[in-house]
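Comments concern the structure below.
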Amino acid sequence: MTAVSILEPGNVAAISSEIVVSAGAVAVVGIYSVTDEQAPVGVLFEISQATPGAPNIVGRLYQTARSTALLGPGTFTVSRPEYKGVAFGVFADLG
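Numbering of the sequence shown is given in our numbering, commencing with residue 75 and proceeding in unit increments.
Here is the structure:
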């Protein structure tokens, strides 16, 4: 598996590129920084799944939960809020 950046590190509000997970597949998504510092307490990166209507929030990434698995099928994005502190990006590993 090879992880790729889908949102470059920063601390301004932004939305990642789409993560398309095919039926029966698993992808890992997570947050990262270029330093070994922790994400600021209380900062939540929201994982959304596309639907025929409004997106569903299906998970959150934060200081002690920096990655998770996404089960397909589905199309997902991760939103980063604006915050002060160490810059974090989002990666995806589609296997």
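The beta-carbon is built from N, C-alpha and C at its ideal position, and this holds for glycine as well.
Which stretch, first to last residue, makes up the beta strand (DSSP E) that contains residue i?
i	result
Thr76	Thr76 -> no beta strand (DSSP E), and no H or E assigned at all.
Glu120	119-123
Gly167	Looking at the sequence itself, residue 167 is Asp, so the reference to Gly does not match. Start and end: 162-167.
Gly104	100-106
Ser153	148-154
Reducing DSSP to helix, strand and coil, say where residue i ends up.
i	result
Ser91	coil
Pro129	coil
Gly159	coil
Pro83	strand
Can you name the residues that DSSP bridges to residue i?
i	result
Tyr136	Ala139
Could you round the C-beta distance between residue i and residue j to whole angstroms and report it? I think they count as a contact, below 8 Å.
i	j	result
Gly146	Ala99	4 Å
Ser90	Val164	5 Å
Gly104	Arg140	5 Å
Val102	Asp167	4 Å
Ser153	Glu120	5 Å
Under a Cβ-count criterion, where at least 16 other Cβ atoms within 10 Å of its own Cβ denotes burial, should residue i be classed as buried or exposed?
i	result
Arg134	exposed
Ala97	exposed
Ala128	exposed
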